[in-house]
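These notes are about the structure you will find just below.
Protein chains in written order, with the numbering used here: chain B, 1 to 272; chain Z, 273 to 659.
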């Protein structure tokens, strides 16, 4: 068989395999969408089209408020994670100070502690601070959980940035704050995007912290809202699917928006 | 614009690593000073102290008459060109060049004017809107230069700025940097390990080794009158031939003992040099490769050698010669205190491209008596008086 034809067949096999994978990946989304467009009875009987589940969803839980709460908690936590992780990563990778390696290892080792292991002590602490009512307790917990990873990621990223670049900025007239803000932040966009996407998905999808630390029902996040929806005496599957779509869309948008940076951010350090 | 003075400047890393040891050096206003030396000689550390990127352990460093030991880099008014250019990747060429002016609060119009002028000098006008990623190595190097010159600083500091370029571009940029420096007349300290750059660019060259300044002179003086064995061996390509030899009295004065051969030393050297006594520890005798001449016939001032290796470089041939004794064996030289240093002495000679010498040939060579160099066998210092 001529090599050109061999290559063509190979490409078709690859394309076919990718199509199968795509179908497997997208099938749950498809089921979610079509199920949400049925009433309860249509779902049980198998046919028909209805917006009823969407109106049920909006009447049973304050979906708009919950999306807003999730957004506030998510963005605030990520802001803290970035504000702490970026300068800390810069300091650990570029500045010389006593015990820096030990402090770095202690921070990074915190990545290995599972959420469940520290949940109760955290809850006690946050309760003592009186922050279990609204967003603040959850924001602090998410920020504390996400910061070690971001410090690790940023420091790895900055190790690949030549020292001369920073020194050029210093000779040009910048202080360390200026260097960080005007040189390092623009260069670190892939790392910032990576931290943002990974933390967003993790925080947005998390149920446990939101359930425990946000006790005001008017401030609960979307995941808690969906849990409430599914925990009723009778669960409306189409309404739950509609809620799941609302919950999944922001994470998908953030992921797709940052995906080109994400690959670069996740593979950084490998080719240096 | 200003002059720069290192006065006994020392830099110690950790507890005991002396990167720069008691460096005293003066750079005149508008002068192009090259710091040259092998890796780890302290030249880059000296430059970084001048830029304010390293603290000074002791000594004083002044720019324009002001001691800057404790002055922040941004307040020293010096511009630095780095080895890997250190261009800001997220900025265009124009933004890179104008960045230092911008953070000093100069107006947009003023920044644009100065960037435009610098770009014209550096022939970068058509690339002003490009990012560094879209430039060639030579263009990036020119942008790095541009970033320095727009500031009209008191001094330029350059840390091996040509080492990442290919050989041809390096020659071009060497001329370009020298041209721009002369045009602007700003005191420049240029660090390199390449002695050709040092010789061709510097008004004066400071040779460093092990953190210490070995010699600071004009390139020609450095080449003609090296103050010690290290400078003699470092400057010049190929470097000076350095042979450790004994001295012997003869009817006219003294002669060099080259195995079983003797080479008369002109009497003028006895008055111009502090040569040791004939029975002393001997000296290190130096002769440049271009001062080794091949003869067709034997003469009183020639020595017999054998061709060990030849390297054809196109315009010239480098011939590696070993001294031979009467039997044609490699010479063994007796050195001080009766100790044997079994050292088949080698000479490198530069010959014309058409010379027909072949490996294994025994040939007579004459060493140019005008350009003998003598160094102390122990300290390595030149024995020339009135240095």
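Note that beta-carbon positions come from the ideal geometry of N, C-alpha and C, so glycine has one too.
Beta-carbon separation (whole angstroms), residue 353(Z) vs residue 477(Z), contact threshold 8 Å: Position 81 of the second chain, counting from 1, holds the residue named residue 353(Z). Position 205 of the second chain, counting from 1, holds the residue named residue 477(Z). No, residue 353(Z) and residue 477(Z) are not in contact; Cβ-Cβ is about 18 Å, not under 8 Å.
From 517(Z), 533(Z) and 284(Z), residue whose alpha carbon lies closest to that of residue 314(Z): Locating residue 314(Z) in the second chain gives position 42, counting from the first residue. The residue among 517(Z), 533(Z) and 284(Z) with its C-alpha nearest the C-alpha of residue 314(Z) is 284(Z).
Residue 658(Z) versus 498(Z), 592(Z), 513(Z) and 629(Z), residue with shortest Cα-Cα distance: Numbered from its first residue, the second chain carries residue 658(Z) at position 386. Answer by Cα proximity: 498(Z).
Residue 2(B): CB within 8 Å of a non-hydrogen atom of the ligand SAH: Annotation note on the ligand SAH: not contained in the displayed structure, which lists no ligands.
Span of the beta strand (DSSP E), counted from its first residue to its last, around residue 574(Z): Here residue 574(Z) corresponds to residue number 302 of the second chain, with the count starting at 1. In this chain, the beta strand (DSSP E) harbouring residue 574(Z) covers 574-584.
Buried versus exposed, by CB contacts within 10 Å (16 or more), residue 346(Z): Taking the second chain and counting its residues from 1, one reaches residue 346(Z) at position 74. Burial call: buried.
Beta-carbon proximity list for residue 3(B), same chain, < 8 Å, skipping 5 on both sides: Taking the first residue of the first chain as 1, we reach residue 3(B) at position 3. Nothing meets the Cβ criterion.
Endpoints, the beta strand (DSSP E) within which residue 647(Z) is located: Position 375 of the second chain, counted from the start, is the residue given in the question as residue 647(Z). Here the beta strand (DSSP E) through residue 647(Z) covers 645-648.
Which of helix, strand or coil DSSP assigns to residue 606(Z): Within the second chain, residue 606(Z) is the residue found at index 334, counting from 1. Low local confidence applies: a pLDDT of 46 at residue 606(Z) is under 50, so the model's placement there is unreliable, with the coordinate-based value given in what follows. When DSSP states are grouped into helix, strand and coil, residue 606(Z) belongs to the strand group.
Residue 474(Z) classed as buried or exposed, judged by whether at least 16 other C-beta atoms fall within 10 angstroms: The residue given as residue 474(Z) occupies position 202 in the second chain. Buried.
Neighbourhood of residue 230(B) by C-beta distance below 6 Å, restricted to the same chain and skipping five residues each side: Looking up residue 230(B) in the first chain gives position 230. Excluding positions up to five away in sequence, the list reads 240.
Which of helix, strand or coil DSSP assigns to residue 335(Z): Taking the second chain and counting its residues from 1, one reaches residue 335(Z) at position 63. Here residue 335(Z) sits in strand by DSSP.
Closer than 9 Å to chain B by CB, residue 350(Z): Here residue 350(Z) refers to the residue found at position 78 when the second chain is read from its first residue. Taking Cβ atoms only, chain B reaches closer than 9 Å to residue 350(Z), which makes this a yes.
Min CB distance residue 190(B) to chain Z below 9 Å: The count along the first chain starts at 1 and reaches residue 190(B) at position 190. Taking 9 Å as the threshold, the shortest C-beta distance from residue 190(B) to chain Z does not fall below it.
Own chain residues within Cβ distance below 6 Å of residue 169(B), not counting five before or after: Within the first chain, numbered from 1, the residue matching residue 169(B) stands at position 169. Hits under 6 Å: 179 and 183.
Distance between beta carbons of residue 430(Z) and residue 463(Z), contact taken as under 8 Å: Along the second chain, one-based indexing puts residue 463(Z) at 191. Along the second chain, one-based indexing puts residue 430(Z) at 158. Confirmed, about 7 Å.
Test: residue 171(B) CB closer than 9 Å to a CB of chain Z: If you number the first chain from 1, residue 171(B) lands on position 171. Chain Z, which has a Cβ nearer than 9 Å to the Cβ of residue 171(B), makes this yes.
Entirely enclosed alpha helix (DSSP H) segments - the stretch 86-124 of chain B, minimum 4 residues: Correct list: 100-109.
Beta carbon proximity, residue 99(B) to chain Z, threshold 9 Å: Taking the first residue of the first chain as position 1, residue 99(B) is located at position 99. So, not an interface residue.
Cutoff 9 Å: residue 325(Z) Cβ touching any chain B Cβ: Translated into the one-based positions of the second chain, residue 325(Z) becomes position 53. By this cut-off, residue 325(Z) is an interface position.
Distance between residue 652(Z) and residue 502(Z) (C-alpha atoms, nearest Å): Taking the first residue of the second chain as 1, we reach residue 502(Z) at position 230. Taking the first residue of the second chain as 1, we reach residue 652(Z) at position 380. Roughly 7 Å separates the two Cα atoms.
Residue 238(B) to residue 51(B) span [Cα, whole Å]: The residue you call residue 238(B) lines up with position 238 of the first chain. The residue you call residue 51(B) lines up with position 51 of the first chain. Their backbone Cα atoms lie some 10 Å apart in a straight line.
Which of helix, strand or coil DSSP assigns to residue 378(Z): As a working note, residue 378(Z) is residue 106 in the second chain. The three-state secondary structure of residue 378(Z), taken from DSSP, is coil.
Under 8 Å from the C-beta of residue 178(B): neighbouring residues of chain Z: Here residue 178(B) corresponds to residue number 178 of the first chain, with the count starting at 1. Listed along chain Z, the residues sitting closer than 8 Å to residue 178(B) by beta-carbon distance are 375.
Cβ-Cβ separation, residue 631(Z) to residue 621(Z) (assumed contact under 8 Å), whole Å: As a working mapping, residue 621(Z) is identified with position 349 in the second chain. As a working mapping, residue 631(Z) is identified with position 359 in the second chain. Rounded, the Cβ-Cβ distance is 14 Å, inconsistent with contact.
Opposing strand residues paired with residue 283(Z) [DSSP bridges]: Counted from its first residue, the second chain places residue 283(Z) at position 11. For residue 283(Z), the beta-bridge partners assigned by DSSP are 292(Z).
Beta-carbon gap between residue 395(Z) and residue 445(Z) smaller than 9 Å: Translated into positions along the second chain, residue 395(Z) becomes position 123. Translated into positions along the second chain, residue 445(Z) becomes position 173. In this structure, the beta-carbon distance from residue 395(Z) to residue 445(Z) does not fall below 9 Å.
Where residue 623(Z) sits in the DSSP three-state scheme: Counting from 1 along the second chain, the entry for residue 623(Z) is found at position 351. Taken through DSSP and simplified to helix, strand or coil, residue 623(Z) comes out as strand.
Proximal chain B residues relative to residue 372(Z), where beta-carbon distance stays under 7 Å: Here residue 372(Z) refers to the residue found at position 100 when the second chain is read from its first residue. At a beta-carbon threshold of 7 Å, the residues of chain B lying near residue 372(Z) are 172 and 173, ordered along the chain.
Cβ neighbours of residue 149(B) in the same chain (closer than 7 Å, five flanking residues each side left out): Here residue 149(B) corresponds to residue number 149 of the first chain, with the count starting at 1. Excluding residues within five positions, the ones whose Cβ falls inside 7 Å are 111.
Within chain Z, the residues that residue 187(B) reaches when beta carbons sit closer than 7 Å: Sequence index remark: in the first chain, residue 187(B) carries index 187 (1-based). Ordered by position in chain Z, the residues that pass the 7 Å Cβ test against residue 187(B) are 361 and 362.
Residue burial classification, residue 398(Z) (beta-carbon count within 10 angstroms, cutoff 16): Position 126 of the second chain holds residue 398(Z). Under the 10 Å beta carbon count, residue 398(Z) is surrounded by fewer than 16 other beta carbons and is classified as exposed.
Chain-ordered chain Z contacts of residue 183(B) [CB-CB under 7 Å]: For the purposes of this step, residue 183(B) is identified with residue 183 of the first chain, where counting begins at 1. Listed along chain Z are 360, each with a C-beta nearer than 7 Å to that of residue 183(B).
Residue-chain proximity (residue 636(Z), chain B), Cβ-Cβ < 9 Å: Here residue 636(Z) corresponds to residue number 364 of the second chain, with the count starting at 1. No - not a single Cβ of chain B is within 9 Å of the one on residue 636(Z).
Test: residue 168(B) CB closer than 9 Å to a CB of chain Z: Along the first chain, one-based indexing puts residue 168(B) at 168. At a cut-off of 9 Å between C-beta atoms, residue 168(B) counts as an interface residue with respect to chain Z.
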